Amino acid sequence: MAGDVKVTLLNSMILEKATWLKLLLLVLVLVNTKLAFANTALVLRAPGNDFSEVVSGMSDDLEGDIRFNELVVDAGTRVGDVAKQIEKHQPKVIVLIGNSSVNLYTKYQQAFPDREFPPSIALAALFVDKFIPFIKNATGIRYEIPLVTSVVNMRLLMKKEIKKVGVVYRSWMQDIFDENVAYCRAEGIELVGGKLPNKDRNMNRKIKHQLQGLINQGVDVIWLLNDNQLINQKALKKAWLPLITRSKLPVIVGIKSLLATKLNLGSFAIVPDHYGLGVQASSVLLEIMENNWRIVDQRIEHPLSVKQIVNVTILNKRSIQYRESLLSQVDDVIN
1 MAGDVKVTLL NSMILEKATW LKLLLLVLVL VNTKLAFANT ALVLRAPGND FSEVVSGMSD
61 DLEGDIRFNE LVVDAGTRVG DVAKQIEKHQ PKVIVLIGNS SVNLYTKYQQ AFPDREFPPS
121 IALAALFVDK FIPFIKNATG IRYEIPLVTS VVNMRLLMKK EIKKVGVVYR SWMQDIFDEN
181 VAYCRAEGIE LVGGKLPNKD RNMNRKIKHQ LQGLINQGVD VIWLLNDNQL INQKALKKAW
241 LPLITRSKLP VIVGIKSLLA TKLNLGSFAI VPDHYGLGVQ ASSVLLEIME NNWRIVDQRI
301 EHPLSVKQIV NVTILNKRSI QYRESLLSQV DDVIN
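Just so you know, we're using UniProt numbering here: the sequence shown kicks off at 1 and counts up by one.
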């Protein structure tokens, strides 16, 4: 009888202990879930593989530290969609990938001016320096690579010496032009510019005039800035392509699509590695998290990981000589 009582008491204690263990495990799960929820980031990104690669770079590097939720921003995405995602996920930080995301989030802030906005980082967007001042509590990483990086790499590949580079730009880009002039001068490269007004009814005619002026000055290379007011279908057809084809000059561009052989425009580019851009952004996000979700340094960074692309078909078509033995060092060769 006494033995039965002891067994019953022992079983009771074991069951009680098991219950407490279950409760403890449940508490730990709830705590971990709460912590994971607290470290949530909302990613607004444009559609496309390049932008998806940026997200992969971030999520792979910060796995277990920050949970990422995505909203793909297309022509149909509205401010209300952003508001719903923010309400649902309560993000500690917001990541803006692509100009469409930057523009939409700016509209969201304007629609709710009295709200507290979490820190945000903008990347894979053109000229983030110009947009960041209009976004509250934001920092960013540039998409543009300084021209000097492209020229230094290009002159290793080219047989012809590169001393002078020409660029056509609008007035609002004056600070960008001046910055690149200084970078190039340090490497013994002269950057000369053809300045245009920000708006003009005869913009294509003015582009053609300034471009011809640069060619007449004996530039060795033309640099095309990422400006959709200067590089669009009509401008390409009426101004850029006729003069560039005739001059047979190499052209440095800032995005891979302008290197397309069918377009017959760009021949060389150094562009950000999108996965690497995401890894670089993860360092900024980690710093924000470690500073209690605050942006301490709003300095805009340059991309650290880049890819070199050359279109040899266009080089050959324009009879531009290059060192074939060095093509093995190029990340992407378009034949």
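We put the beta carbon where it would ideally sit given N, CA and C, even for glycine. Computed from a prediction, not measured in an experiment: that's the story for all the values here.
- Task: Ignore the nearest five residues each way along the sequence and tell me which others in residue 162's own chain have a CB closer than 8 Å to its CB.
- Result: Cβ neighbours of residue 162 beyond the five flanking positions: 151, 154, 155, 189, 220, 221.
- With a Cβ-Cβ cutoff of 9 Å, do residue 68 and residue 82 count as a contact? Not a contact, by the Cβ cut-off of 9 Å.
- If you draw a straight line from the alpha carbon of residue 193 to that of residue 207, how long is it in whole angstroms? Taking the straight line from one Cα to the other gives about 12 Å.
- Query: When the distance is taken between beta carbons, is residue 160 closer than 9 Å to residue 320?
  - Reply: Yes, these two residues count as a Cβ contact at 9 Å.
- For the beta strand (DSSP E) containing residue 332, list its first residue and its last residue. The continuous beta strand (DSSP E) containing residue 332 extends over residues 332-334.
- Task: Hey, could you find the ends of the beta strand (DSSP E) residue 68 is sitting in?
- Result: Bounds of the beta strand (DSSP E) holding residue 68 are 67-72.
- Query: If you compare alpha carbons, which of 256, 226, 212 is closest to residue 242?
  - Reply: For the residues 256, 226, 212, the minimum Cα distance to residue 242 belongs to 212.
- Message: Distance check for residue 226 and residue 260, CA to CA, integer angstroms please.
- Response: Each residue's alpha carbon lies about 15 Å from the other.
- With respect to the beta strand (DSSP E) encompassing residue 272, which residues constitute its N-terminal and C-terminal limits? Here the beta strand (DSSP E) through residue 272 covers 268-272.
- Item | Span of the beta strand (DSSP E), counted from its first residue to its last, around residue 190 | Counting along the chain, the unbroken beta strand (DSSP E) around residue 190 starts and ends at 190-196.
- Once you ignore the five residues that flank residue 310 on each side, which residues in its own chain have a CB closer than 6 Å to its CB? Around residue 310: 268, 330, 333.
- Message: For a test of the three-state rule: what should DSSP assign to residue 311, helix, strand or coil?
- Response: In this structure, residue 311 counts as strand in the three-state DSSP scheme.
- Query: Exposed or buried, residue 51, counting other C-beta atoms within 10 Å across all chains shown (16 or more means buried)?
  - Reply: Classification for residue 51: buried.
- Query: Quick one: does the C-beta of residue 253 sit closer than 8 Å to a heavy atom of the ligand ATP?
  - Reply: With respect to the ligand ATP, the structure shown offers nothing to examine, as it has no ligands at all.
- Quick one: complete alpha helix (DSSP H) runs, 4+ long, within the region 110-150? Whole alpha helix (DSSP H) segments, 4+ residues: 128-131.
- Message: Using a Cβ-Cβ cutoff of less than 6 Å, which residues in the same chain neighbour residue 132 once the five nearest sequence positions on both sides are dropped?
- Response: Excluding the 5 residues flanking it on each side, residue 132 has same chain C-beta neighbours closer than 6 Å at 138, 140, in chain order.
- Query: Could you give the residue range of the beta strand (DSSP E) that holds residue 88?
  - Reply: Boundaries for residue 88: no beta strand (DSSP E) harbours it, while the alpha helix (DSSP H) harbouring it runs 79-89, taken from the DSSP string.
- Message: Checking 9 Å against the spacing of the C-beta atoms, do residue 231 and residue 240 come in under that value?
- Response: For residue 231 and residue 240, yes; Cβs fall inside 9 Å.
- Query: Expressed to the nearest angstrom, what Euclidean distance is found between the alpha-carbon atoms of residue 37 and residue 75?
  - Reply: Low confidence applies to residue 37: its pLDDT is 49, below 50, so where it sits in the model is not reliable enough to give any reading.
- Item | Distance between residue 316 and residue 78 (C-alpha atoms, nearest Å) | In a straight line, the C-alpha of residue 78 is about 46 Å away from that of residue 316.
- residue 167 in three-state terms, based on DSSP: DSSP places residue 167 in strand when its eight states are reduced to three.
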